[in-house]
Structures are given as structure tokens and as C-alpha cells.
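Visitor: Residue numbers are given in the UniProt record's numbering: position 247 of the sequence shown equals residue 247, and the series is strictly consecutive. Don't be surprised by glycine CBs; every beta carbon is placed ideally from N, CA and C.
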Amino acid sequence: MNYKKLEKELIKFLKKSLKDTGRENFIVGISGGLDSAIVSTLCAKISIKHTFGIIIPSGSSSKANIEDAISHCNDFGIIHKIINIETMISAYEDNIGMLNKLRKGNLTSRLRMCVLYDISNYMQAVVVGTSNLSERMLGYGTVYGDLAYAFNPIGEIFKTELFEFAKYLNIDDKIINKAPSGDLWEGQSDEAELGYTYKEMDKVLKDIKDNGLSFNKLEKKYDNELVNFIRNRIKSNNFKLKMPPIANIRDLIKE
1 MNYKKLEKEL
11 IKFLKKSLKD
21 TGRENFIVGI
31 SGGLDSAIVS
41 TLCAKISIKH
51 TFGIIIPSGS
61 SSKANIEDAI
71 SHCNDFGIIH
81 KIINIETMIS
91 AYEDNIGMLN
101 KLRKGNLTSR
111 LRMCVLYDIS
121 NYMQAVVVGT
131 SNLSERMLGY
141 GTVYGDLAYA
151 FNPIGEIFKT
161 ELFEFAKYLN
171 IDDKIINKAP
181 SGDLWEGQSD
191 EAELGYTYKE
201 MDKVLKDIKD
211 NGLSFNKLEK
221 KYDNELVNFI
231 RNRIKSNNFK
241 LKMPPIANIR
251 DLIKE
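#1: Please report the distance separating the alpha-carbon of P57 from that of I46.
#2: By the DSSP assignment, the alpha helix (DSSP H) with F229 in it spans what residues?
#3: I think K104 touches I89, with their Cβ atoms under 8 Å apart; what is that distance to the nearest whole Å?
#4: Do you know offhand how far E93's Cα is from D118's?
#5: Roughly how many whole angstroms lie between the Cα atoms of P153 and R23?
#6: For a quick check, are the C-beta atoms of G53 and I83 less than 7 Å apart?
#7: Could you name the residues of the same chain whose beta carbon sits closer than 6 Å to that of S109, not counting the 5 residues immediately before and after it, in chain order?
#8: How long is the line joining the alpha carbons of N237 and N106, rounded to whole angstroms?
#9: Report the three-state DSSP secondary structure of V143 (helix, strand or coil).
#10: So, for V39: in the same chain, excluding its five sequence neighbours on each side, which residues have a beta-carbon less than 7 Å away from its beta-carbon?
#11: Closest to K203 by CA distance: which of Y222, E191, L194, N232 is it?
#12: For L18 and E219, I'd like the C-alpha separation in whole angstroms.
#13: Note down the Cα distance separating D68 from A150, rounded to an integer number of angstroms.
#14: Can you list, in chain order, the residues of its chain whose CB lies under 6 Å from that of N2, leaving out five sequence neighbours each side?
#15: Rounding to the nearest angstrom, what Cα-Cα distance links A179 and Y122 in this structure?
#16: Quick check: what's the CA-CA separation for D210 versus I234?
#17: Buried or exposed: where does S189 fall if 16 or more other Cβ atoms within 10 Å of its Cβ makes it buried?
#18: Could you name each continuous alpha helix (DSSP H) segment of 4 residues or more that falls completely within the stretch 82-117, going from the start of the chain to the end?
#19: With a 10 Å radius around its C-beta and 16 neighbouring C-beta atoms as the bar for buried, classify S181 as buried or exposed.
#20: Taking the continuous beta strand (DSSP E) assigned at I54, which residues delimit it?
#21: Assign D183 to buried or exposed, taking buried as 16 or more other Cβ atoms, counted over all protein chains shown, within 10 Å of its Cβ.
#22: Taking A44 as the reference, which of C73, L34, M201, S60 has the closest Cα?
#23: Mind checking K159: buried by the 16 CB within 10 Å criterion, or exposed?
#24: I need the boundaries of the beta strand (DSSP E) containing V127, first residue and last residue.
#25: Could you tell me which uninterrupted beta strand (DSSP E) segments, each at least 3 residues in length, are contained entirely in the stretch 17-49, listed from first to last along the chain?
#26: Quick one, are the C-beta atoms of A64 and I175 less than 7 Å apart?
#27: Given L6, which residues of its chain have a CB within under 7 Å of its CB, disregarding the five upstream and five downstream residues?
This is how it looks when you write it as C-alpha cells:
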């Protein structure tokens, strides 16, 4: 992969996308993880003074992730603010009852989205997405949570392809080498939750995306349980990649 060319194209994409909105500022949710570090770095390369990082921990967020998020912003001169949403989560539970891990994780993701969009409106900014291609194909994200954004520079890049790109961008090794996590509950990690490593999953996903292999052919090449897992994830989560369908009945209404 030509990382210099990739960087140039992504910066070009970000500049045009921002210009098309008529706004002048980028807002990126900074988690302390790889994806948001890459996206915020690209935005900062366009304009430090027009890039804002928002760090949004909850009560279950790891101290290390918060520290890494702050450190990353300091490394690249990104203006940042910390907004803790634990009181919002607690207030919701006080009214609705205690949530299980999945519900609490989805609520956390959606509250982070609310914070980002509220601040973006106040600052005449746009929310930049940080979901990678692996997550998007697997549907590993929260609808109207981390999957909500104005545009996304890394949505066509697999997770395993981002590690070397992050090194090229001089992102801290601590961020590159840590276990991927949405930090949605204590001790949560992507790979533990999914049951496979990104290295294992991306091999199959690349053959689907880049080589057009059918699931029948994939079953002859990879572990069948892995292939079935990916097939089921894609089938059940494909709706997350589409705009909600709207009934096409205007002609009927005009009768």
C-alpha cells in the first residue's frame, strides 16, 4: 500500500466533504483507540485550528484509554475537551431500570453521538466518522451511535490495513498495539466479543470485498465456522449500511 498516496487522497476527501457542508470545523470523538487517532490526525493535518477532539468517557471507560486519548491530542496539537456521560447513563437507569451490558453499551454509544452532534451544531462543525470497513461489513456498530456521522475517511479500509497506516502517520505505539475496544463496558474488547481476531476475519472479508468470492468458495478456503459467522453477521446487519427505506407512494397520494 502506498501510504503517502493514501494520505493525500483521504485529505482531499476530507477537504471536499467539509467544503460541501458549508461548515469549517471538524469534530472527532477521540476514544484513545486506533481508528479515531487516525481520523483526527488526518483532520489536524488539514487544519489544527479547525479540528476539535471530544473525549467522551463513561463510568466503565478505562483510565488508560482516557490518558491515551489526551496524549494523542497533545501529540498532534488537537484542541480537545472531556465530557463524561456517566451521569446521563445513571439518570436513564434511574428511570428505566438497570441495563444489561449490550443495552448499556448501545446507550453509551448513542449518548456519545448526541454529545458530538450537539457540539458540532454549536461550533458550526461536522462529525467525522471513525468506523473502519471491517466493522461496517460485520455490522459491528450501533445504529445512530458510532455509525452516525457526516462523512467517513476510513470506511473503506479494513482494520488490519490501518495498523501500518497509523505507523506511517507517527501515531503512538501504545495506541497501535492495544487491543481494539469500543470501551462500552469494563474490560470490553472487539475481538473477545466477536470471537475472532481481525486478522482472521479480514482475510475472509477481503476475499468478499476485493475478490468477489462466494460463500461456497470461501467455505473451501477457510474454517467453516468462521465463514458462517461472517455470513450471518453480514446478512443480519446489512440494514445498518443503508438509509431507512421509505414507502414510494406519492403517485398513489396524487390520485
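Guide: Let me lay it out:
#1: 26 Å
#2: 224-237
#3: Correct: roughly 7 Å between the Cβ atoms.
#4: 22 Å
#5: C-alpha separation (whole angstroms): 17 Å.
#6: no
#7: T142, G145, D146
#8: 15 Å
#9: The answer is coil: DSSP assigns V143 none of H, G, I, E or B.
#10: V28, V128, T130, P153, I154
#11: Y222
#12: 42 Å
#13: 25 Å
#14: none
#15: 34 Å
#16: Rounded to the nearest angstrom, the two C-alpha atoms are 16 Å apart.
#17: exposed
#18: Fully enclosed alpha helix (DSSP H) runs of 4 or longer: 86-96.
#19: buried
#20: Counting along the chain, I54 sits inside the beta strand (DSSP E) bounded by residues 51-55.
#21: buried
#22: With distances taken between Cα atoms, A44 lies closest to C73.
#23: buried
#24: 125-127
#25: The qualifying runs are 25-29.
#26: no
#27: F165
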